[in-house]
Structures are given as C-alpha cells and as structure tokens.
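**Student:** In terms of this note's numbering, the sequence shown is numbered consecutively and its last residue is 521. Positions of the beta carbon are idealized from the N, C-alpha and C atoms, including for glycine. Keep in mind it's a predicted model, so treat the numbers as computed, not measured.
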Amino acid sequence: MTDAPRPQERPLEAARDAAELIAGQVQDLSDLATVHRAFGRLREIADAHPHADGLMRVAVCGATRYLAIGRRIGDIAIVREAHLFLATLSLRDEDDPLPHRALAEASVDLMLAEARQSGFPRALDTYRTVVAISLARGGDPNVACAHAKGAANLVALALEADAPLEADRALADLARLEADQPEILPVRQQRGRGLFNRVAHAARWADTGTEAATASASQPAAVGGLTELAALIEVARRAPVDPDLVDLAAEGLFAFVTGLGTRGEVALARRHYDDLSSLAQLPEAGPPVRRRLADAAFNLITDLCESGETELATLLYGDLSGLSVVHDDDPSICLAHAKASANLVLTHRDRGDHAAANIIADDLRSLVFAHPENLELMEVATFLDLADV
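Here it is in structure tokens:
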C-alpha cells in the first residue's frame, strides 16, 4: 500500500519528494523497497491530480528514473511498470511532447528487455508501439531519434531470430526516417547502426561458410549484405561527414574483407579492401579506421598467400608497409605489418624464393629494431629466428 499525500501537502511537492527518492537509488540500489514505494506514491499522486501545474514533468522524470533502475538490474517487471505509467501520462495531454518522447524512449528499452525475457515476437510488438508514437508525433525530432534507435536494434534482433523480413522492414523504416528529416544527425547515425547490423550478419555468413537461402550458385554467400554495405558507405560519406559513421563503415568493410577472404573469394575481398583504403583517406577518418585497414591488409595477405597468389600478396604488403611507415607511432599498425611480414617470409621460403623472403625479413628486422620496447614485434621476429640476426 502506498503513502498518499497528506491533506495539507501540495501535490507537486509530494510528487517531487517521491521522484527524488527514486533518483537517489539510481546509482546506489541499496533499498529497492523504498524505490517501489516511492514509485507507487508518485503514480497515485499523478492519478489523483492529473492537471496539477508542473506535475507532468515530475511524473515523467520519476518514471524514467524508475525504468533506468529496472534496466540496470534486469528487472523487466519494473521496466514494464514504468512503461505503462508513461503510456498513461501520454494519454492525458496530447499537446505536451514530453510524455510522448519519454514513452518512445521507454518503448525502445522495453523492446530490448522483452527480447531477452520473452523472445522476439514480444519485442516486435513493442517496436510497433514506437512506430505508432512516431506516426502520431510526426516531425518531433526526439521521437524520430527514438524510433530510429528502435529500428536499428530491431535489425539485429530480427536477424538473430531468423526473421529477415522484419529486419528489411526496419531498414526501410530507417531509410524513410532519414529521408523525412535528413538534418537530424542521430537519425542518420542510427541508420548507419542498422545497416551495420545487417552487414555484420551477412559477413558472418561469409566467414562461417553458411549459404544465404536466396543466393544462387554463382553468387557469393554474403551477397545479401552488399546493398546494405554500399548504403552504409554512402551514409558515412554524406556531408557533413560524421567520424562515428566512418568508423562504423570501416568495421563493416573489415568484416566483409575478412569473411570473403576466409572463403577464398579474394577478388571481391580485395575490392572491399580498396573501398576501406579509400575511406581511410577521408579527413574525418581517425586511428580506428587506419587500424582496421592495417588488420584487413594482414588478413587479406594471409588469404592471398594461402590461395597461392603471392605476387598480389606482395603488392598489398607494400601498401601495408607504407601505412606502417607513415603511422610508425601506432603499435597496432606496426603489429599488423610484422605479422604480414612473417606470413610472406614463410610463404616465399616454402616456394623456394629465398631472395624475396630475405628482402621482407630485412624489412621486419628494421621494424623490430625501430621499436625495441615492443615485445609483440620481438615475438614475431623470434618466431622466424630473426631477432638476433
């Protein structure tokens, strides 16, 4: 049973007291019983005084903090309870955007919680709530951002649940949201996330050898993600260029280079490597993109060596070596350079081309001598018996 406000107590002050009790436990979580009582009291006050000045904002803030507690401890009952209360608040005032924005965000949280607790169908039902709010509140950028976040999450959830049509619908929702409000960067970022989720899923097919059901015998297994990969690159390059989206596109390209190379589809992998190299030339591309380029080069060099295309591997090694020279202060790039050197040395030795092997071995020695403090480089050289030569 909740504590009702005393007659002499003003509703707004009583609601604030309850909301503050909830807020005080968001980080501590030492007294959940107090949290439950405070939320019950807040809800009772809001129900008894639905039109009190200022009370809507306090009620929404208390509900979102209560939901945050439920999300943090993984208690779906709390998340559902907070979501239901926000839905009730949203029905009381169509003109106030605050409860509708909060409900949209809460629906995204509930969608993820339902996916974990009850499975994909319940998550999909909750996503439809987000869509309904978005349609009803067309033009509200905050609601659009919540809708985009939910759609991006749904792509991953749908693919994990083997529901590709729902993933496609969510991607279509993202494309429409961005087209309707192209100036909202968070919507574009969420579209990038959704595209990346689709690309990463397709790249795993390529990596594990699982065939897409719709792919023909002449198509690469990962062909289902190529359209989304191209869209992700386009979104990343669109002005104003967002560094986070460039990083995301680089991750997607790296996944495809690695997956396709592992399958032996090195020509297509090389094409995506060139796309990644082009992306790395953007002014907005930072160290994460360059490191992904170096790792992709190492992986592709390994695949080319295994497929007998040593000449192409050597050409690609020249690109990686140049990247390593320019970014000599980046240990990750240097390590990729060293590991690629080792693979090429071994490949040339196996082919009996000791002259080519010695040239690359000398390059590896120079790299190790330039970084005597880097034990990982030393381990690679020791593996090839080069450390003391």
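Should residue 178 and residue 215 be called a contact, given that it needs their Cβ atoms to be closer than 8 Å?
**Tutor:** Contact: no.
**Student:** Suppose the cutoff is 7 Å on Cβ atoms and the five residues either side in sequence are ignored; what does the same chain contact list for residue 453 look like?
**Tutor:** The residues are 469 and 495.
**Student:** For residue 197, is the classification buried or exposed, using 16 other Cβ atoms within 10 angstroms of its Cβ as the cut-off for buried?
**Tutor:** Residue 197 is buried by the Cβ-count criterion.
**Student:** Using the Cα positions of residue 423 and residue 448, report the straight-line distance between them to the nearest angstrom.
**Tutor:** Near 15 Å, if we compare the C-alpha coordinates of residue 448 and residue 423.
**Student:** Anyone know if the C-beta pair for residue 433 and residue 417 falls short of 8 Å?
**Tutor:** The answer is no: Cβ separation not under 8 Å.
**Student:** Ignore the nearest five residues each way along the sequence and tell me which others in residue 333's own chain have a CB closer than 6 Å to its CB.
**Tutor:** If we look at residue 333 and ignore the five residues flanking it on each side, its Cβ neighbours are 291.
**Student:** Using C-beta distances below 8 Å, list every residue in its chain close to residue 227, excluding the 5 sequence neighbours before and after it, in chain order.
**Tutor:** Taken in chain order, the list of residues that qualify is empty.
**Student:** Would you mind giving the Cβ-Cβ distance between residue 466 and residue 509, rounded to the nearest angstrom? I have them listed as a contact below 8 Å.
**Tutor:** Between residue 509 and residue 466 the Cβ distance is about 6 Å, and since that is below 8 Å, they are a contact.
**Student:** Would you kindly report the start and end of the unbroken alpha helix (DSSP H) that includes residue 207?
**Tutor:** Unbroken run through residue 207: none, as it is neither H nor E.
**Student:** Taking 6 Å as the limit between beta carbons, can you name the residues of its chain near residue 222, skipping five residues before and five after?
**Tutor:** So the list reads 231, 232 and 235, once near-sequence residues are dropped.
**Student:** Check residue 320 in the structure and name its three-state DSSP category.
**Tutor:** Residue state, collapsed to three classes: helix.
**Student:** Are the beta-carbon atoms belonging to residue 201 and residue 167 less than 8 Å from one another?
**Tutor:** A contact, by the Cβ cut-off of 8 Å.
**Student:** In the structure shown, what three-state DSSP assignment does residue 418 receive?
**Tutor:** If DSSP states are grouped into helix, strand and coil, residue 418 belongs with coil.
**Student:** Expressed to the nearest angstrom, what Euclidean distance is found between the alpha-carbon atoms of residue 161 and residue 143?
**Tutor:** In a straight line, the C-alpha of residue 161 is about 26 Å away from that of residue 143.
**Student:** Measuring CB to CB, does residue 194 end up less than 8 Å from residue 174?
**Tutor:** Contact: yes.
**Student:** Which word fits residue 329, buried or exposed, when buried means at least 16 other C-beta atoms lie within 10 angstroms of its C-beta?
**Tutor:** Burial call: buried.
**Student:** Taking the alpha-carbon of residue 151 as reference, which of 413, 267, 187 and 273 has the nearest alpha-carbon?
**Tutor:** Minimum Cα distance to residue 151 is reached at 187.
**Student:** For residue 463 and residue 374, what's the separation of their Cα atoms in angstroms?
**Tutor:** Spanning the two alpha carbons is a distance of roughly 25 Å.
**Student:** Give, in chain order, every unbroken run of the alpha helix (DSSP H) that is at least 4 residues long and sits entirely within the region 399-465.
**Tutor:** Counting only runs of 4 or more, we get 419-438 and 442-458.
**Student:** What would DSSP say about residue 275, mapped onto helix, strand or coil?
**Tutor:** Residue 275: helix per DSSP, three-state reduction.
**Student:** Just checking my contact of residue 306 with residue 322 at CB under 8 Å: how many whole Å lie between their CB atoms?
**Tutor:** About 7 Å; that satisfies the 8 Å criterion.
**Student:** Within a Cβ cutoff of 8 Å, which residues of the same chain sit near residue 491, ignoring the five residues on either side of it in sequence?
**Tutor:** Here the set comprises nothing.
**Student:** Quick one: measure Cβ to Cβ for residue 318 and residue 379, integer angstroms, because I've assumed they're closer than 8 Å.
**Tutor:** Residue 318 to residue 379, Cβ: 16 Å. No contact.
**Student:** Nearest by alpha-carbon distance to residue 331: which of 376, 381, 301 and 370 is it?
**Tutor:** Of the candidates 376, 381, 301 and 370, the one whose C-alpha sits nearest the C-alpha of residue 331 is 381.
**Student:** Work out the CA separation of residue 435 and residue 402 for me, nearest whole Å.
**Tutor:** In a straight line, the C-alpha of residue 402 is about 10 Å away from that of residue 435.
**Student:** Looking at the secondary structure, which residues open and close the alpha helix (DSSP H) in which residue 260 lies?
**Tutor:** Looking at the DSSP string, the run of the alpha helix (DSSP H) that includes residue 260 is 252-268.
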